[in-house]
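Inspection log for the structure reproduced underneath, given as structure tokens.
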Amino acid sequence: MSWPWITLLALGAWHGLNPGMGWLFAVSRGLQERRGGAVVEALPPIALGHAL
5 MSWPWITLLA LGAWHGLNPG MGWLFAVSRG LQERRGGAVV EALPPIALGH AL
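The sequence shown lines up with residues 5 to 56 when you count with the working numbering.
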């Protein structure tokens, strides 16, 4: 396994263990797409991920 994949997995685990980090992904998606609806659309997958 290469270092980029190890880094990606480690970041995913870190964010999964720290539920307060999900809002950062939602906000970054909204900023990236420049629309507030993207923030709301990002919340269900984040909630599902935290529920698992």
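Ideal placement from N, C-alpha and C gives every residue a C-beta, glycine not left out.
Alpha helix (DSSP H) segment containing residue i, residue limits
i: Gly-24; result: Neither: Gly-24 is in no alpha helix (DSSP H) and is coded neither H nor E.
Exposure of residue i, with buried meaning 16 or more beta-carbon neighbours within 10 Å
i: Ala-51; result: exposed
i: Ala-14; result: exposed
i: Ala-17; result: exposed
Which of helix, strand or coil DSSP assigns to residue i
i: Ser-32; result: helix
i: Gly-40; result: coil
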